[in-house]
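A.B. asks: In our numbering, the protein residues as written are 6 to 362.
C-beta atoms are modelled at their ideal positions from N, C-alpha and C, and glycine is treated no differently.
Below is one structure. I have some questions about it.
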């Protein structure tokens, strides 16, 4: 039986990616694989610390992805565990989960049309991360690669064909919580006079809020309402931008929400025009609440979208505007929910067992 060491520089559990890390740790424990965690920063609380074997790096370096941390984590994990799994770019691990996709792909998506963006790609922190990505895949120790979407797997196979041909690779979709799958306001229906659009997330540039605001400003006034959930350090700039566009009166800035699915249950259509999103938990969460979904073709969870429950559009202001203006008059909430009803924790645990087995 494997004892798995999981390496990730920082742990906190208040975001989508962090929640999926917790799902992985719980599933490994349920599978009897006894996960031990090797990290630099732990801010997930003492109750979780007591539930797992935590090994924390004591060095005071400010760099999460420091060579000192890698060296310590790999040596400690090799000493205590029979398998080493990485959630960061760590040369020498046995397996890795590409939860954030490829950093090279992320940079290209964020800066394809921007001279300033291309300059930022050459900054030391990005150059270092690209080097780590390449070194991780070049390591002979790597034998298994996990992605959370087919899109991310295809990007990996295209960017690193030789590695993809020699490793075991598997798509393991993120699970939806039992609470979320069971929560649904069956009485919700689109308003005959106003359609409620929703946008959820932090990191608003990557998730395309500026594109949505431009599209929203071009829609027929009063026909749509936009509810924005989440936070961003540049939130005030986005609010001023909405004022300049003249669409601020029909926008509600709701801020962070602890139970996002309750807000989604009151939304008719989720809009997710992300520039790069290897998975996109909010898409499956919205579908579980019967929402129609419009997302960009750069979102991993686009694979759950069909003509019955949403639209996948090219990234652009006019493309998004057209999709919103041509929403169907009716759609089946049950069809939306059934499209993700299989994303249970038990299925996730089974898939992980196949990957690590």
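Give me the Cα-Cα distance between residue 169 and residue 293, rounded to the nearest whole angstrom.
C.D. replies: Cα-Cα distance, rounded: 33 Å.
A.B. asks: Are residue 203 and residue 212 close, meaning C-beta to C-beta below 7 Å?
C.D. replies: No, Cβ-Cβ distance for residue 203 and residue 212 is not below 7 Å.
A.B. asks: My output table needs one value for residue 216: the three-state DSSP class, helix, strand or coil.
C.D. replies: Residue state, collapsed to three classes: helix.
A.B. asks: Alpha carbon to alpha carbon, how far is residue 262 from residue 335? Give it in angstroms, no decimals.
C.D. replies: Going by the C-alpha atoms only, they are around 28 Å apart.
A.B. asks: Could you give the distance in angstroms between the alpha-carbon of residue 257 and the alpha-carbon of residue 232?
C.D. replies: The straight-line gap from Cα to Cα measures roughly 5 Å.
A.B. asks: Can you tell me where the beta strand (DSSP E) holding residue 232 begins and where it ends?
C.D. replies: Its beta strand (DSSP E) spans residues 229 to 234.
A.B. asks: So, for residue 308: in the same chain, excluding its five sequence neighbours on each side, which residues have a beta-carbon less than 6 Å away from its beta-carbon?
C.D. replies: So the qualifying residues of the chain are 155.
A.B. asks: Under 8 Å: do the region 140 to 157 and the region 92 to 110 share three or more Cβ pairs, one atom per stretch?
C.D. replies: Yes, they touch.
A.B. asks: Quick one, which of 289, 185 and 316 has its alpha-carbon nearest residue 330's?
C.D. replies: Of the listed residues, the one whose Cα sits closest to residue 330 is 316.
A.B. asks: On the premise that residue 299 lies in contact with residue 325, defined as a C-beta separation below 8 Å, what is that separation, rounded to the nearest angstrom?
C.D. replies: That pair is a contact at about 7 Å.
A.B. asks: Taking the straight line between their C-alpha atoms, what separation do you get for residue 102 and residue 15?
C.D. replies: In a straight line, the C-alpha of residue 102 is about 15 Å away from that of residue 15.
A.B. asks: With H, G and I counted as helix, E and B as strand and the rest as coil, what does DSSP make of residue 69?
C.D. replies: Low local confidence applies: a pLDDT of 49 at residue 69 is under 50, so the model's placement there is unreliable, with the coordinate-based value given in what follows. Residue state, collapsed to three classes: coil.
A.B. asks: Terminal residues of the continuous alpha helix (DSSP H) containing residue 174?
C.D. replies: Where residue 174 is concerned, there is no enclosing alpha helix (DSSP H), although the beta strand (DSSP E) it sits in stretches over 173 to 176.
A.B. asks: For residue 13, does the count of other Cβ atoms within 10 angstroms reach 16, so buried, or fall short, so exposed?
C.D. replies: Buried, since its Cβ has 16 or more Cβ neighbours within 10 Å.
A.B. asks: Candidates 106, 77 and 244: which alpha carbon is nearest residue 60's?
C.D. replies: Of 106, 77 and 244, the residue nearest in Cα terms is 77.
A.B. asks: Going by the beta-carbon positions, is the gap between residue 289 and residue 234 smaller than 7 Å?
C.D. replies: No, the pair does not count as a contact, with Cβ atoms beyond the cut-off.
A.B. asks: Could you give the DSSP three-state label for residue 252: helix, strand or coil?
C.D. replies: Coil, per DSSP.
A.B. asks: Taking residue 215 as the reference, give the member of 184, 279, 141 and 35 with the closest Cα.
C.D. replies: The shortest C-alpha separation from residue 215 is found at 279.
A.B. asks: Does DSSP put residue 203 in a helix, a strand or coil?
C.D. replies: Strand.
A.B. asks: Looking at the structure shown, is residue 277 part of a helix, part of a strand, or coil, going by DSSP?
C.D. replies: Strand.
A.B. asks: If we ignore side chains and look at the alpha-carbon of each, how far apart do residue 209 and residue 249 end up?
C.D. replies: So the alpha carbons of these two residues sit roughly 18 Å apart.
A.B. asks: Apart from the five residues just before and just after residue 2, which ones in its own chain have a Cβ nearer than 7 Å to its Cβ?
C.D. replies: Missing from the structure shown is residue 2; the chain here goes from 6 to 362 and no further.
A.B. asks: Helix, strand or coil: how does DSSP classify residue 341 here?
C.D. replies: The answer is helix: DSSP assigns residue 341 an H, G or I state.
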